[in-house]
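Top line first, the protein sequences correspond to chains L and D. Quick note: the first sequence uses my numbering, first residue 369, plus one each step. Quick note: the second sequence uses my numbering, first residue 369, plus one each step. Heads up: the structure comes next, in structure tokens.
Number of protein chains: 2
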Amino acid sequence: MFRFEILKQDSGRGPRLGRIHTAHGAVDTPAFMPVATQASVKSLSPAEVESLGFRMIIVNAYHMYLRPGHEVIERLGGLHRFMSWPHPITSDSGGFQVLSLSRTRKIKEEGIIFQSHLDGGRHLLTPGKCIEIQEALGVDIMMCLDECPPYPSTREYMKKSVGLTSRWAKLCKEAKKRHDNGLFGIVQGGVYPDLRRESAEGLTEIGFDGYALGGLGIGEDSDQTHEITESTLEHLPAEKPRYLMGLGKPGDIVDAVSSGVDLFDCVIPTRNARNGTLFTSHGKLVIKNARYAEDEGPLDEDCGCYTCGNFSRAYLRHLFMSKEILVLRLLTLHNLSYYGRLMSDIRESIARDDLSALSNRVKFLGGTD
Amino acid sequence: MFRFEILKQDSGRGPRLGRIHTAHGAVDTPAFMPVATQASVKSLSPAEVESLGFRMIIVNAYHMYLRPGHEVIERLGGLHRFMSWPHPITSDSGGFQVLSLSRTRKIKEEGIIFQSHLDGGRHLLTPGKCIEIQEALGVDIMMCLDECPPYPSTREYMKKSVGLTSRWAKLCKEAKKRHDNGLFGIVQGGVYPDLRRESAEGLTEIGFDGYALGGLGIGEDSDQTHEITESTLEHLPAEKPRYLMGLGKPGDIVDAVSSGVDLFDCVIPTRNARNGTLFTSHGKLVIKNARYAEDEGPLDEDCGCYTCGNFSRAYLRHLFMSKEILVLRLLTLHNLSYYGRLMSDIRESIARDDLSALSNRVKFLGGTD
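This is how it looks when you write it as structure tokens:
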């Protein structure tokens, strides 16, 4: 069922247009996936997410496993039905969350032993279990269990870790039972280009429906991120989709697309919105700034979202200062609208062979801040 | 501009159908006004409030005065434009909030001296100031400044208070400059029927566009509420709208409508929603109850709201347990949808001379709990 089609690419390198076909419909790439960690894009209804042009979201298997439980979701007919989202869903394996959220965790050959961040209960997450959870959810793209070491990690540690991630990836592939979805391997290796290469080649040898770049944007500087992304892509099969995990400032996205990345997810548009920081066609806007107290204009006069069509900066600032929860939604709607437009501008620019103009514009606006 | 039309009433007493005409359109009565204390019906967009059938909301002048400031709103073109609500707006004078929210307050003949609950700043709210604020907001129905003594209060205190509230009401009327809105007097007098009568007659003598019953539902038992409501209405002019302030359990509304009340506001549907307590056609539902963990059904199969059309109790419970903010909105939407339907059922029942059947049904469901 899972299939990736390349619609336009001049060579094996550089920006490309594609289409991911899944059992729940197609997604045009480059694509951005809004983050629905706990089966909800924070503050938005699925109808709104859809209205902004998004056709794939990403949920977190670790969270779904702990609450409400993947078996509950399976009995209720799967995640699409559970959250009323009829389009494709990707799930992150949860490896990253186990390491960042759980109180204590121990990495062993067979998997990760961890305590739930909710109730302290002990769990063992193995590659097999990781696939079992994601297949129960019924998602369209599953991710392998990986170890994502912190930045910086020593070369020695990272080398061992890359080996473990590859062995887990193989077990994940063997554990896969369903045929209606895709499984992506996750390339690790930190900031060491040769270990990234080793990881990419190891995963390619096993063979996956797509390849993700994990362990980036976790502390290294952004030039390094870009270099590692670019050099790693050379060692991945061009005909498969490439997904840069967790990284998504507008400038990062444009850079990564230029290198040939197809898929993104990031909490920045939604989290920034809840903190009152907005993306606009004139750059960043911080809504609590006193200068907006009597500003009748919309957040962005070039934006067609419901928020910009109906509310002034003054009103949004009032809601924000008054801690009125409606503002979380209105600002999230706006920021995701900006991202929806960014991705469609990117796709149009690639079609016109003119991505560099968009890239300059985004960076001029401080999109990489 | 402000005009009340009675469409159906068999005698001077009992339930009636009416229509309030304002500069921003008409409202069929009996009507319920969702509460938008700080210029937002918590969690809902104005488009959603409208879609549920509501045509009038109530904001709080005390809150608007303190933040963002009534003059700011006036400069921005008035409250309707500020909050993007094109239909009628009522504002509460803020007398009740000054007494319940501010840190220290002192009631004097000229008004209420109080400290802001936001920054501790000292303010004097006089009848004239109260009207100035509401006229700056540009609302369709303004309320007089009143004193709402706590329950219980002595007869002696209440008698003095009723006198003060009447004197303030007269000053409010004299301070009114705009001709495009209505001003309502607020009947006080606690649980003393003769003082309620004195208050009602005093206000009627001054002459207002409508009359509100204040100081009810603040601790007295509900039989008393109903008796006081009924006996007070006899002393108010039948041709003017009557508004029962702050009281709005479904059973209370049906009872008050039976006595001839036209207008309601209450935080119950919105606040209960945020606490996870829902109104359904089978009675109350507490979403966090474990019995709903795998319940595929909607909150209420007789409800046509977006929430019931798209989400199961299991998903809503998951969002609630996970503290996902989307749930506040989905549950608010449902509860206000219930209230919208309740009010339209009430109006249809009055049209058919059959309010008692609806009343029995609402009470059987524990609507007065």
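Beta carbons: idealized from backbone N, C-alpha and C, even for Gly. It should be emphasised that the depicted structure is a prediction, and the values quoted were computed from it without experimental measurement.
Please classify residue i as buried or exposed, where buried requires at least 16 other C-beta atoms within 10 Å of its C-beta.
| i | result |
| --- | --- |
| L/SER379 | exposed |
| L/PRO495 | buried |
| D/PRO520 | exposed |
| L/PRO383 | buried |
| D/GLU503 | buried |
| D/PHE647 | buried |
| D/LEU493 | buried |
| L/GLY463 | buried |
| D/VAL375 | Val is not the amino acid found at residue 375 of chain D; the sequence shown has Leu there. It is exposed - the Cβ of D/LEU375 has fewer than 16 other Cβ atoms within 10 Å. |
| D/PHE732 | exposed |
| D/ASP722 | exposed |
| L/ALA658 | exposed |
| L/MET369 | exposed |
| L/LYS497 | buried |
| L/PRO518 | exposed |
Tell me the DSSP secondary structure of residue i in three-state form.
| i | result |
| --- | --- |
| D/ALA580 | strand |
| D/LYS541 | helix |
| L/THR638 | helix |
| L/PHE400 | strand |
| L/ASP737 | With a pLDDT of 49 at L/ASP737, under the threshold of 50, the predicted position of this residue should be treated as unreliable, and no value is reported. |
| D/HIS594 | helix |
| L/LYS731 | helix |
| L/VAL466 | helix |
| L/ILE693 | coil |
| D/LEU486 | coil |
| L/GLU716 | helix |
| D/LEU667 | coil |
| L/SER379 | coil |
| D/THR533 | helix |
Can you pull the chain L neighbours of residue i, defined as C-beta to C-beta under 8 Å?
| i | result |
| --- | --- |
| D/LEU696 | ILE693 |
So which residues of chain L does residue i contact, with C-beta pairs closer than 9 Å?
| i | result |
| --- | --- |
| D/LEU412 | LEU694 |
| D/PRO436 | ALA661, GLU662, ALA682, TYR683, ARG685, HIS686, MET689 and SER690 |
| D/LEU447 | What D/LEU447 touches in chain L: nothing, since even the nearest Cβ is about 10 Å away. |
From the DSSP output, read off the bridge partner residues of residue i.
| i | result |
| --- | --- |
| L/LYS528 | According to DSSP, L/LYS528 bridges with nothing at all. |
| L/ASN428 | L/ASP460 |
| L/LEU612 | L/LEU581 and L/PHE632 |
| L/ALA394 | L/HIS389 |
| D/ILE509 | D/THR458 and D/GLY550 |
| D/GLU373 | D/ARG387 |
| L/LEU492 | L/ILE481 |
In the DSSP assignment, find the alpha helix (DSSP H) that holds residue i and state where it starts and stops.
| i | result |
| --- | --- |
| L/ASP514 | Segment: none, L/ASP514 is in no alpha helix (DSSP H) and carries neither H nor E. |
| L/ASP620 | 618-627 |
| L/THR458 | Element bounds for L/THR458: not the alpha helix (DSSP H) but the beta strand (DSSP E), 457-460. |
| L/VAL417 | 414-419 |
| D/ILE795 | Outside the shown range of chain D, which is 369 to 737, sits residue 795 of chain D, and nothing can be said about it. |
| L/ILE501 | 495-505 |
| D/GLU439 | 438-443 |
| L/ARG681 | 681-689 |
| L/ARG473 | Run containing L/ARG473: none in the alpha helix (DSSP H); it sits in the beta strand (DSSP E), 473-476. |
| L/PHE450 | 447-451 |
| D/CYS676 | 674-678 |
Which bits of chain L does residue i rub up against, with CB to CB less than 7 Å?
| i | result |
| --- | --- |
| D/GLN406 | SER690 and GLU692 |
| D/SER452 | ASN678 and PHE679 |
Could you pull the start and end residues of the beta strand (DSSP E) that residue i belongs to?
| i | result |
| --- | --- |
| L/VAL555 | 550-555 |
| D/PHE647 | 645-648 |
| D/GLY651 | 651-654 |
| L/GLY479 | 479-483 |
Report the neighbours of residue i on chain D: residues whose CB is nearer than 8 Å to its CB, in chain order.
| i | result |
| --- | --- |
| L/VAL440 | ALA661, GLU662 and ALA682 |
| L/LEU469 | Here the premise fails: no neighbours, minimum Cβ distance about 14 Å. |
Residues of chain D with a CB under 7 Å from the CB of residue i: which are they?
| i | result |
| --- | --- |
| L/ARG443 | GLU662 |
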